[in-house]
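For reference, the structure is listed below as structure tokens.
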Amino acid sequence: MSWFTQLLTSSLGKKLVMSLTGLFLILFLPVHLIGNLQLMADDGGESFNLYAKFMTGNPLIKTVSYLLYGFILLHAIQGMLIWKANRGAGGGSSRYQGGKSPTAWSSRQMAGLGMVILVFILLHMWQFWFQMKWGDIGTATYGGVETKDLYTIVQHTFKQWWFVLFYVISMIVIGFHLQHGFQSAFQTLGLNHKKYTPAIKTLGLIYSIIIPLAFAIIPCYILLIK
Amino acid sequence: MKLNLKVWRQANGQGKGKFESYNVDADEHMSFLEMLDVLNQQLIEAGDDPVAFEHDCREGICGACSMVINGRPHGPNAGTTTCQLHMRFFKDGDTIHIEPFRADAFPVIKDLVVDRSAFDRIIESGGYISVNTGQAQDANAIPVEKEQASEAFDAATCIGCGACVAACPNASAMLFVSAKVSHLALMPQGQVEHDKRVQSMVNQMDLEGFGNCSNTYACEAECPKEISADNIARLNRSYLISSLTSD
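First to last, the sequence lines map onto chains A and B.
Each residue of the first sequence is one higher than the one before, counting from 0 in numbering that gives the first Met the number 0.
Each residue of the second sequence is one higher than the one before, counting from 0 in numbering that gives the first Met the number 0.
Right under this line is the structure:
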């Protein structure tokens with residue numbers, strides 16, 4: 000076995016893949032959020048639709064987006080494989096019920112939380128990404144530039160309370176996933192030192208609250224205020 | 000004090016095993032193992048099979064005692080082995096569940112005794128320094144920073160009991176392996192074989208069928224020697240670097 004295969008198939012290497020893909024997805028979230036915030040602008044969708052057109056047309060962004068889809072899949076599949084292997088290791092199987100675990104709830108629920116997030120991403124991509132790319136949606140023209148009118152689709156979707164509820168719940172789930180995942184990614188990379196680990200943990204906690212909260216505000220704003 | 004014990008009884012590795020209920024009259028000054036001695040005396044006198052459990056030094060330094068007490072390896076107290084857990088931490092009339100350290104890599108031999116030789120094989124794969132490192136005075140001739148020495152010593156206090164594996168929802172042995180790697184890695188004498196040691200010990204750990212660490216830190220919370228999960232980060236770092244840089 001080559002050293003590279005050996006590295007990636009070892010228990011530590013599998014975690015390394017989770018860590019690196021996870022960190023990439025963590026970086027992606029604020030970028031996605033900044034774009035989404037334009038949904039709240041009171042300009043009839045001009046800034047958002049022009050942004051969506053730019054995002055689907057720019058070759059560099061297209062390349063990065065394929066990398067993103069790949070990493071989401073890799074993170075999900077690798078996560079499921081690790082979960083399966085860990086269940087097969089027969090650990091944590093004390094038959095005594097009623098003990099209190101000394102660990103954080105989110106750290107024990109990463110696989111379950113991850114599955115909810117995967118379902119969310121699939122629905123989310125069907126509702127917006129697929130519609131933008133191949134859906135038969137209307138167009139809007141701003142200063143002579145014609146764009147697909149994704150803005151109206153989003154507004155329409157988030158006028159339905161059950162979608163808003165599903166999105167808000169999904170954001171809470173992502174928050175818990177990040178709460179463990181953020182600091183865990185650094186631990187797996189071996190980036191642990193008393194100089195900066197406390198800062199990473201604090202930053203991770205703030206990040207896991209602020210980012211999902213900001214995402215969740217958008218559909219709530221569209222439903223309740225717009 | 001009168002106690003109701005629910006003890007895991009399993010005839011051998013193939014058997015299914017179940018909790019058996021026993022009543023024991025114990026003294027609050029007894030250690031947990033002495034309380035089990037009382038139970039076994041009772042069982043022997045009644046002509047029953049005594050409960051098999053491991054013990055050796057009964058001083059908290061050998062790592063032989065291994066049982067899960069009310070769902071927690073080595074019982075409810077932090078930084079305490081089962082032998083150092085005293086009955087005064089329980090109340091008269093308590094029901095106590097006693098189980099073996101559970102993990103597929105630690106197959107049950109009988110009752111509360113599990114086969115922890117997987118740890119021995121991990122040590123054999125590289126948890127040593129191949130040359131004579133001299134006597135105490137030779138160690139003093141090599142400059143080692145105090146902080147470094149303390150950290151190495153903290154890692155070296157691992158008694159290899161396996162509570163980390165029993166505590167981990169994934170049955171991962173990362174805390175054990177990382178402690179063994181760390182106490183040598185932090186010393187100048189451990190440097191030469193460091194890369195090889197990390198690779199061999201991780202490979203052996205994977206071969207033994209332990210699960211993958213998911214950073215729940217249950218190990219750190221339950222370790223009777225309070226080994227820090229910072230050692231796990233060091234092992235992660237060392238494994239990555241040694242994979243990238245060693246020949």
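Virtual Cβ for every residue (Gly too), placed ideally from N, Cα, C.
- Counting only Cβ-Cβ distances below 9 angstroms, K14 of chain A has contacts in chain B at N211, C212, S213, N214 and N235, in chain order.
- Contact check for S177 of chain B against L234 of chain B passes: the beta carbons are separated by less than 8 angstroms.
- In this structure, the alpha-carbon of D26 of chain B lies about 27 angstroms from that of S93 of chain A.
- Distances from the CA of C222 of chain B to each of B:C64, B:A51 and B:F88 were compared; the closest alpha carbon is that of B:C64.
- In this structure, A:G134 is the residue among A:G134, A:K158 and A:F157 with its C-alpha nearest to the C-alpha of K147 of chain A.
- The three-state reading of DSSP puts V67 of chain B in strand, counting E and B together.
- Neighbours of A84 of chain A across chain B, judged by C-beta separation under 9 angstroms: N169, G210 and N211.
- Assignment of beta strand (DSSP E) within the stretch 154 to 204 of chain A, counting only whole runs of 3 or more residues, yields no such run.
- Nearest neighbour of L206 of chain B by Cα position, chosen from B:D194, B:S124, B:L185 and B:Q190, turns out to be B:S124.
- Counting along the chain, R8 of chain B sits inside the beta strand (DSSP E) bounded by residues K1 to R8.
- Annotation: Cβ neighbours of E98 of chain B in chain A (cutoff 7 angstroms, chain order): S93, R94 and Y95.
- Among the bridge pairs identified by DSSP, V23 of chain B is matched with B:L2.
- In the three-state reduction of the DSSP assignment, P218 of chain A falls in the helix class.
- When DSSP states are grouped into helix, strand and coil, Y65 of chain A belongs to the helix group.
- Residue-level contact by beta carbon holds for I231 of chain B and chain A, with a gap shorter than 8 angstroms.
- Taking the Cα positions, K90 of chain B is about 31 angstroms away from R107 of chain A.
- Note that the C-beta distance between Q203 of chain B and I121 of chain B is below 8 angstroms.
- Between the stretch 168 to 175 of chain A and the stretch 116 to 127 of chain A, the count of C-beta pairs closer than 8 angstroms reaches three or more; the two stretches touch.
- The stretch 63 to 79 of chain B makes no contact with the stretch 52 to 61 of chain A, as fewer than three CB pairs between them are under 8 angstroms.
- Beta-bridge partners assigned by DSSP to Y141 of chain A: A:V144.
- Within the stretch 0 to 65 of chain A, the complete alpha helix (DSSP H) segments at least 4 residues long are 2 to 8, 10 to 35 and 45 to 56, listed from N- to C-terminus.
- At a cut-off of 8 angstroms between beta-carbon atoms, G70 of chain B makes contact with chain A.
- Using a Cβ-Cβ cut-off of 8 angstroms, P197 of chain A is close to nothing in chain B; its nearest Cβ partner there is about 12 angstroms away.
- Nearest to K200 of chain A by alpha-carbon distance, out of A:F214, A:L212 and A:A184, is A:A184.
- Rounded to whole angstroms, V113 of chain B and F105 of chain B show a C-alpha spacing of 6 angstroms.
- Using a 10 angstroms sphere on the CB of M200 of chain B, the tally of other CB atoms reaches 16 or more, which defines it as buried.
- Neighbours of Y238 of chain B in chain A, taken as residues whose beta carbon is under 9 angstroms from its own, are L6, S9, L11, G12, L15 and G189 in chain order.
- The DSSP-derived three-state label of H96 of chain B is strand.
- In the three-state reduction of the DSSP assignment, H85 of chain B falls in the strand class, which pools E and B.
- Cβ-Cβ distances below 6 angstroms link G210 of chain B to N169, A170 and S171 in the same chain, with the five nearest sequence neighbours on each side left out; the list follows chain order.
- Annotated three-state conformation of S245 of chain B is coil, per DSSP.
- A straight line joining the alpha-carbon of T138 of chain A with that of Q37 of chain A spans about 18 angstroms.
- DSSP, reduced to helix, strand and coil, places S199 of chain B within a helical segment of the structure shown.
- Against chain B, the CB of G34 of chain A has no partner CB under 8 angstroms away; the residue lies outside that interface.
- Per DSSP, the continuous alpha helix (DSSP H) segment holding I120 of chain A begins and ends at M109 to H123.
- One thing to note: L84 of chain B has its Cβ no nearer than 8 angstroms to the Cβ of S20 of chain B.
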